[in-house]
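There are 2 protein chains.
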Amino acid sequence: MNIEMIRAAAGRLEGHARRTPLLSSPFLDEIAGRRVWVKPECLQHTGSFKFRGAWSALSALDPEVRKSGVIAFSSGNHAQGVALAAKLHGVPAVIVMPEDSPKLKIENTRAYGAEVVLYDRDSESREEIGARLSEERGLTLIKPFDEPQVIAGQGTCGLEIAAQAAEQGIEKADVIVCCGGGGLTSGIALALEADAPGLRVRTAEPEGFDDVARSLRSGGIERNNQLSGNICDAIITPQPGDITFPIMHRLCGPGLVVTEDEALRAMAQAFNRLKIVSEPGGAVALAAALFRKDEIEGDDVIVTISGGNVDAPMFIRALETLE
Amino acid sequence: MNIEMIRAAAGRLEGHARRTPLLSSPFLDEIAGRRVWVKPECLQHTGSFKFRGAWSALSALDPEVRKSGVIAFSSGNHAQGVALAAKLHGVPAVIVMPEDSPKLKIENTRAYGAEVVLYDRDSESREEIGARLSEERGLTLIKPFDEPQVIAGQGTCGLEIAAQAAEQGIEKADVIVCCGGGGLTSGIALALEADAPGLRVRTAEPEGFDDVARSLRSGGIERNNQLSGNICDAIITPQPGDITFPIMHRLCGPGLVVTEDEALRAMAQAFNRLKIVSEPGGAVALAAALFRKDEIEGDDVIVTISGGNVDAPMFIRALETLE
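The listed protein sequences derive, respectively, from chains E and G. The opening position of the first sequence corresponds to residue 1 in UniProt numbering, with each subsequent residue numbered one higher. The opening position of the second sequence corresponds to residue 1 in UniProt numbering, with each subsequent residue numbered one higher.
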């Protein structure tokens with residue numbers, strides 16, 4: 001896993017992934033007490049950064065292997081990213097999802113052209129289903145984060161941040177990244193190490209699901225005690241990845257942690273001041289910049305908004321935090 | 001008023017205004033029955049395209065004249081655009097607003113650094129107040145649309161659309177523009193005439209406030225019978241401008257008209273599929289593309305989202321149209 005893989009992924013993504021802008025608002029600067037720069041990956045295809053990694057992984061496959069199709073386990077943003085990337089490559093995608101997944105997520109994944117295979121969480125193993133389907137049909141598994149070509153794709157977001165920060169004259173800043181398994185975080189960290197060494201990556205996670213912050217502190221991989229019961233579900237994973245964690249440990253500053261209420265209030269500010277739609281898990285980095293300012297250093301802070309796939313009732317909950 | 005003024009404005013806006021992206025979603029294509037491309041000016045500074053025209057006008061002033069300051073009559077997007085452009089030029093801005101303007105708009109305009117002068121709509125004339133202040137302080141009036149340097153600034157959005165359409169291989173399409181006084185529409189029309197002659201501008205307006213559609217049909221300037229009572233208030237003006245109308249008449253196709261409900265449903269789709277926040281008046285062009293498809297020609301349609309300055313209760317009303 002190295003910077004050359006990220007640069008190669010950027011070449012493959014050119015003309016396919018969106019180069020998202022870098023947004024700002026004097027109102028956010030006022031709240032944060034420093035300049036806040038926002039990288040809105042909610043504006044990426046399929047509404048999250050996951051399209052980058054999915055495209056990177058698919059485009060890196062041998063065409064003979066790729067044409068048999070790909071498979072992913074996900075009920076969320078990774079599923080949609082893989083489904084659309086496969087469709088645009090003209091190859092089949094199978095997405096294995098729990099049968100109690102939200103209907104909208106199932107429908108969206110199907111609408112992006114994927115075949116959705118549902119399973120019963122209690123009585124079936126998705127790994128067994130996946131292994132059987134892969135063998136029968138020659139499908140290639142696209143892992144959500146602990147896979148070099150996926151990390152390389154997410155890292156292209158970091159190359160853009162480095163270039164956009166340089167355009168704004170920012171040489172030194174914390175870059176806060178919404179962190180689940182660490183694919184986006186480790187990819188951005190490698191990109192910044194090469195192209196903007198004055199920018200330091202920090203992770204943001206929901207309170208009670210801070211496996212990465214604890215792992216960074218202890219120096220070893222720590223697990224979450226629970227995997228559900230938080231509105232930031234899109235970025236909750238059991239533990240950091242075997243490939244992503246050593247990169248994060250080497251390059252990241254201390255992890256930041258925010259409450260659900262702070263995530264909702266950050267969503268409301270992104271609506272009000274940036275005119276963008278973020279999901280709770282996608283807003284934790286902005287929440288850290290706005291509401292945990294004493295834990296951040298420097299005159300500038302850069303944050304990712306990792307996704308915007310949120311339904312109306314949850315978004316209304318966020319808007320209700322205004323005034 | 002000509003294309004060279006637009007190109008010169010683009011030079012002055014470089015590094016100051018945002019180059020907004022061109023977004024799309026297969027879900028919107030499905031509804032519209034053709035490919036839909038969205039130019040989200042809600043992501044522009046101050047949340048609307050108005051910053052372009054304001055920056056263009058301020059930057060075109062003689063520095064000696066500019067340093068005394070500028071004045072504008074507006075309670076909305078133009079006020080915020082002028083306020084921020086003046087602040088960034090380091091010169092004073094006075095914004096004359098009705099005293100019954102929404103508190104949030106007054107506060108935002110002040111927060112962008114402007115001095116807000118309130119007047120009583122019933123007993124005072126804003127023109128008299130403006131004339132007195134201008135004389136006393138040497139302020140230059142920045143008109144909202146019928147002013148060549150303002151039109152030139154809005155036209156920079158058209159230069160971007162021409163370049164972005166070419167990148168996507170779109171040679172022929174209707175370009176639907178949310179239309180009030182016609183500053184954005186005429187600026188985009190001039191830019192496309194020069195840089196993308198296969199793209200034809202169409203106006204979009206709210207039902208009952210279709211002065212431009214009627215003017216385009218009759219060939220002369222027609223007025224609106226009323227100026228309030230519609231949620232698309234941001235784009236309602238008494239009549240098209242003396243400078244903007246001849247340009248629109250020469251270059252635009254027939255005007256499109258949508259209902260308030262269609263505007264709300266378009267806002268909901270922009271939330272759901274593009275992850276952006278639009279105001280009702282800013283969503284009329286997307287509404288026309290999605291819900292008036294029989295009145296549009298071609299395989300592709302490009303629409304502007306002109307602004308995103310909407311408060312939470314109105315946005316919630318839009319979200320409630322989903323399902």
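Where is the CB? At the ideal position from N, CA and C, for every residue including glycine. Every value quoted in this text rests on a predicted model; they were computed, and no experiment measured them.
*Put G:CYS178 into one of helix, strand or coil per three-state DSSP.*
Shown here, G:CYS178 sits in a strand according to DSSP, grouped into three states.
*Are any of the Cβ atoms in chain E nearer than 9 angstroms to that of G:SER316?*
The question names Ser, but residue 316 of chain G in the sequence shown is Ile. It does: the Cβ of G:ILE316 has a partner Cβ on chain E nearer than 9 angstroms.
*Length of the line joining the Cα atoms of G:GLN226 and G:ILE236*: G:GLN226 and G:ILE236 have their alpha carbons spaced roughly 9 angstroms apart.
*Can you tell me which of G:ASP233, G:GLY220, G:SER123 and G:LEU22 puts its alpha carbon nearest to the alpha carbon of G:GLU205?*
Residue G:ASP233 is the option with its Cα nearest to G:GLU205.
*Where do the N-terminal and C-terminal ends of the alpha helix (DSSP H) with E:THR304 fall, by residue?*
In the DSSP annotation of this structure, E:THR304 is not part of any alpha helix (DSSP H); the continuous beta strand (DSSP E) holding it starts and ends at 300-305.
*Please confirm if the stretch 196-216 of chain G is in contact with the stretch 258-272 of chain G, defined as three or more CB-CB distances below 8 angstroms between the two stretches.*
Contact holds: three or more Cβ-Cβ distances are below 8 angstroms.
*Which chain G residues sit within Cβ distance under 7 angstroms of E:GLY47?*
LYS275, listed in chain order.
*Looking at the C-beta of G:ALA165, does it have a partner C-beta in chain E at a distance below 9 angstroms?*
So, not an interface residue.
*Who pairs with G:GLU115 in a beta bridge, going by DSSP?*
DSSP, once it has assigned bridges, lists G:VAL94 as partnering G:GLU115.
*Give a yes or no on whether 9 angstroms exceeds the smallest Cβ distance from G:GLU30 to chain E.*
By this cut-off, G:GLU30 is an interface position.
_So E:PRO92 contacts chain B; which residues on that side make the cut at Cβ distance below 8 angstroms?_
Included in the structure are the protein chains E and G, with no chain B among them.
*Under the rule that 16 or more other beta-carbon atoms within 10 Å means buried, what is E:ARG12, buried or exposed?*
By the neighbour-count rule (16 or more Cβ atoms within 10 Å), E:ARG12 is buried.
*DSSP three-state call for E:PRO313: helix, strand or coil?*
In the three-state scheme derived from DSSP, where H, G and I count as helix and E and B as strand, E:PRO313 is classed as helix.
*DSSP on E:THR140, reduced to helix/strand/coil?*
Note: E:THR140 maps to strand in three-state DSSP.
_Spatial neighbours of E:GLU193 within its chain, please: C-beta separation below 7 angstroms, excluding the five flanking residues on both sides._
Close CB contacts of E:GLU193 within its chain, under the 7 angstroms cut and outside five residues either way in sequence, are with LEU251 (chain order).
*asked:* Taking 9 angstroms as the threshold (C-beta atoms), are G:LEU23 and G:ILE71 in contact?
replied: Not a contact, by the Cβ cut-off of 9 angstroms.
_Run through chain E and tell me which residues come within less than 7 angstroms of G:ALA312, C-beta to C-beta._
For the C-beta of G:ALA312, the chain E residues within less than 7 angstroms are, from N- to C-terminus, LEU319 and LEU322.
_Neighbourhood of G:ASP146 by C-beta distance below 7 angstroms, restricted to the same chain and skipping five residues each side_ = Excluding positions up to five away in sequence, the list reads GLY181, GLY241, ASP242, ILE243 and THR244.
_My parser needs the alpha helix (DSSP H) runs of 4 or more residues fully inside the stretch 21-58 of chain G; what are they?_
With a minimum length of 4 residues, the continuous alpha helix (DSSP H) runs that stay inside the stretch 21-58 of chain G are 26-32.
_Host alpha helix (DSSP H) of G:LEU84 (start-end)_ = Boundaries of the alpha helix (DSSP H) harbouring G:LEU84: 77-89, taken from the DSSP string.
*Give the DSSP bridge partners of E:PRO206, in chain order.*
DSSP, once it has assigned bridges, lists E:VAL258 as partnering E:PRO206.
_Close Cβ partners of E:SER59 (< 6 angstroms) along its chain, the five nearest in sequence each way excluded_ = Result list for E:SER59: ARG12, in chain order.
*Compute the Euclidean distance between the alpha carbons of G:GLN44 and G:VAL303, then round it to the nearest angstrom.*
Between G:GLN44 and G:VAL303, the C-alpha separation is close to 15 angstroms.
_Closest Cα partner of G:GLU320 within the set G:ILE276, G:LEU274, G:ALA266 and G:GLY281_ = It is G:ALA266 whose Cα lies nearest to the Cα of G:GLU320.
*Check the C-beta distance from E:ALA177 over to E:ILE170 and give it rounded, since I have them as a contact under 8 angstroms.*
Before going further, note that residue 177 of chain E is Val rather than Ala in the sequence given. Contact annotation, E:VAL177 with E:ILE170: C-beta distance approximately 16 angstroms; criterion of less than 8 angstroms not satisfied.
*Smallest Cα separation from E:ALA191: which of E:SER101, E:ALA163, E:LYS172 and E:CYS179?*
Of the candidates E:SER101, E:ALA163, E:LYS172 and E:CYS179, E:ALA163 places its Cα closest to the Cα of E:ALA191.
_Just to make sure I have the definition right: I need the residues of chain G whose C-beta is within less than 7 angstroms of the C-beta of E:LEU23. Which are they?_
LEU43, listed in chain order.
*Beta-carbon separation of E:GLN149 and E:ALA93 under 9 angstroms?*
No, they are not a contact pair.
*Indicate whether at least one CB of chain E lies closer than 9 angstroms to the CB of G:ILE278.*
According to the sequence shown, residue 278 of chain G is Ser rather than Ile. Residue-level contact check: G:SER278 touches chain E, since one or more beta carbons of chain E fall below 9 angstroms from its beta carbon.
*Use the C-beta contact count for E:LEU104: other C-beta atoms within 10 angstroms, 16 or more gives buried, fewer gives exposed.*
Of the other Cβ atoms in all chains shown, fewer than 16 fall within 10 Å of the Cβ of E:LEU104; this residue is therefore exposed.
*Could you tell me which residues DSSP pairs with G:VAL201 in its beta bridges?*
In DSSP, G:VAL201 forms a bridge with G:VAL175.
*Interface residues of chain E facing G:GLY53 [CB-CB closer than 8 angstroms]*: Within chain E, no residue has its CB atom less than 8 angstroms from the CB of G:GLY53, the nearest being about 18 angstroms off.
*For G:TRP37, collect the residues of the same chain with a Cβ closer than 6 angstroms to its Cβ; drop the 5 residues on either side in sequence, then sort them by chain order.*
These residues qualify, in order along the chain: LEU22, SER24 and ILE302.
*Out of curiosity, what's the CA-to-CA distance linking G:ALA288 and G:ASN230?*
For G:ALA288 and G:ASN230, the distance between alpha carbons rounds to 17 angstroms.
*Note down, in chain order, each residue of its chain lying with its Cβ closer than 7 angstroms to the Cβ of E:GLU295, except the 5 sequence neighbours on either side.*
So the list reads LEU256, once near-sequence residues are dropped.
_For G:ALA288, report the span of its alpha helix (DSSP H) as first-last._
First-last of the alpha helix (DSSP H) with G:ALA288: 284-291.
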